[in-house]
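Using full-length UniProt numbering, the first residue of the sequence shown is number 1, and each one after it goes up by one. To start, the structure itself, in structure tokens.
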Amino acid sequence: MATYNIDNKKTRIFLEDFNTFTHYLNNKVVTIGKSTKNISSKFLYEMNGLMHVKQQNITEKSKQSSYPMLHLFCKLAVEGNLFKEESIKGSKLALKSTDRLKTFNEFNDIEKYMFLLETFWIDCDMRKTQCILYDYMDVSIVTRNVEYLSTQKSNEDIFTNNLPYLSSSTLLCFTYFGLMTIEANMDEMIKDARRFIPSKIVINDLGLKIFKILNKKRNLELWNIPHRKNYGEWKVNFDEAFIHVFKSLFKKGELEQTFSRNKEEFKDGTYTFKVSLDKNTWAKIKISAHHDLDYLHECIQDAFEFDNDHMYSFFMDGKAWSNNKFTCPMDYEGPWANDVNLGELNLFKKQKFLYLFDYGDEWWFTVEVFDIEDSNTRLLIPEIIEFKGEPPEQYPDFDDEC
Numbered sequence: 001m002a003t004y005n006i007d008n009k010k011t012r013i014f015l016e017d018f019n020t021f022t023h024y025l026n027n028k029v030v031t032i033g034k035s036t037k038n039i040s041s042k043f044l045y046e047m048n049g050l051m052h053v054k055q056q057n058i059t060e061k062s063k064q065s066s067y068p069m070l071h072l073f074c075k076l077a078v079e080g081n082l083f084k085e086e087s088i089k090g091s092k093l094a095l096k097s098t099d100r101l102k103t104f105n106e107f108n109d110i111e112k113y114m115f116l117l118e119t120f121w122i123d124c125d126m127r128k129t130q131c132i133l134y135d136y137m138d139v140s141i142v143t144r145n146v147e148y149l150s151t152q153k154s155n156e157d158i159f160t161n162n163l164p165y166l167s168s169s170t171l172l173c174f175t176y177f178g179l180m181t182i183e184a185n186m187d188e189m190i191k192d193a194r195r196f197i198p199s200k201i202v203i204n205d206l207g208l209k210i211f212k213i214l215n216k217k218r219n220l221e222l223w224n225i226p227h228r229k230n231y232g233e234w235k236v237n238f239d240e241a242f243i244h245v246f247k248s249l250f251k252k253g254e255l256e257q258t259f260s261r262n263k264e265e266f267k268d269g270t271y272t273f274k275v276s277l278d279k280n281t282w283a284k285i286k287i288s289a290h291h292d293l294d295y296l297h298e299c300i301q302d303a304f305e306f307d308n309d310h311m312y313s314f315f316m317d318g319k320a321w322s323n324n325k326f327t328c329p330m331d332y333e334g335p336w337a338n339d340v341n342l343g344e345l346n347l348f349k350k351q352k353f354l355y356l357f358d359y360g361d362e363w364w365f366t367v368e369v370f371d372i373e374d375s376n377t378r379l380l381i382p383e384i385i386e387f388k389g390e391p392p393e394q395y396p397d398f399d400d401e402c
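As structure tokens, this is what we get:
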């Protein structure tokens, strides 16, 4: 079988630009929006100037949606756990490197490239990775596009009108990865966050091989973790490493290292959560890593003197009604809060998430991981160690207001 390399110009530029991106993040305090998690405009403008692939028609105030490649890089860096969000002074959030970044930088170029492709395929929520605002990209659409592209010939023009659904974001992502080239008047379209229609698509030899493997052996509906979590799974395991079926594309020994999966880490200890209704009303709760989220829910109910008479959810990304959630045991849709212990959640200090109680009245509480203590003894009964303010009335007496 013929072997390939990733020395084509597009792929080389992709790796060099991603390296520039991570180096910039690692050497500056780069802030992100609290709700959007997008990089602040001033940093995007500076980074764009350092890239080989520069986005045109942007200003210092342009948002992340105007920088499709940097948007993709941000998702790869965070979902690949090379960087994580961290609270800094003034309650701002910044992206900080993890220990994995050092290991990633020790990979050879093929291993780096395949790890980034793996992160895109397995860890990225396709809807959030969509890099053109007025476009659509989800698991179904990406799957259909890959299926079509895998049946084409390399180094020949492809007619886009035969694509089952033209997703500009999908085509852009594959182009940035160096799997193919496209010709289109993109700059004005991207400036206005509109989808574009390529006049020409050409897949290279390596790109066609990768599309064929992705289509036949790495079905996106089975391998994409956010997609599977949308259907109630929260522990997703795989029988073999993602890179295994790609090794034959390269010379022996060139694709060996990646980050392990299916490694269930339990972060033992005693957790202290600061649960805030507002800045003047909050409780601190100390609880064991071996207690589940449903137990934490009961502690919050006790702390705020609620009646525990409605359903609830924990939204781990802090966004109400997102799919990154654990629901109460009575809810018809999981994953459920009583199925996961706190130590299984890979929580870290200063991390924040949302506890939403009562789907009608919607009481919103911000839950912050205030501290994690190593302990040789297990805390059997959770403790409410501090409370500030007055517990709110769950059901105010409206007659008193008349």
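Note that CB positions come from ideal geometry on N, CA and C, so glycine has one too.
Below 8 Å, enough C-beta pairs join the stretch 299 to 315 and the stretch 356 to 365 to call them touching: three or more.
Counting only the Cα atoms, Phe120 lies some 24 Å from Phe326. Residue pairing by DSSP places Asn341 opposite Asp292 in a beta bridge.
Where Ile385 is concerned, the enclosing beta strand (DSSP E) starts and stops at 383 to 388. Taking all protein chains shown into account, Thr377 has fewer than 16 neighbouring C-beta atoms within 10 Å of its C-beta and is therefore exposed. Just so you know, the alpha carbons of Glu254 and Arg12 end up roughly 16 Å apart.
Between Gln55 and Asn38, the CB-CB gap reaches or exceeds 8 Å.
For Ile203, no alpha helix (DSSP H) run applies; the uninterrupted beta strand (DSSP E) run containing it begins and ends at 200 to 203, by DSSP. Contact annotation: Glu368 and Phe273 have beta-carbon atoms nearer than 8 Å.
Annotation: Phe370 to Ile287 spans about 12 Å, alpha carbon to alpha carbon. In the DSSP assignment, Glu368 falls within the unbroken beta strand (DSSP E) covering 363 to 373. DSSP assignment within the stretch 198 to 276 yields the following whole alpha helix (DSSP H) runs of 4 residues or more, N-terminal first: 205 to 217, 220 to 223, 225 to 229. Annotation for Phe314: the continuous beta strand (DSSP E) segment containing it runs 312 to 315.
Here the C-alpha atom of Asn323 lies approximately 26 Å from the C-alpha atom of Trp282. A distance below 8 Å separates the beta carbons of Ser154 and Asp205. In this chain, the alpha helix (DSSP H) harbouring Ile13 covers 9 to 27.
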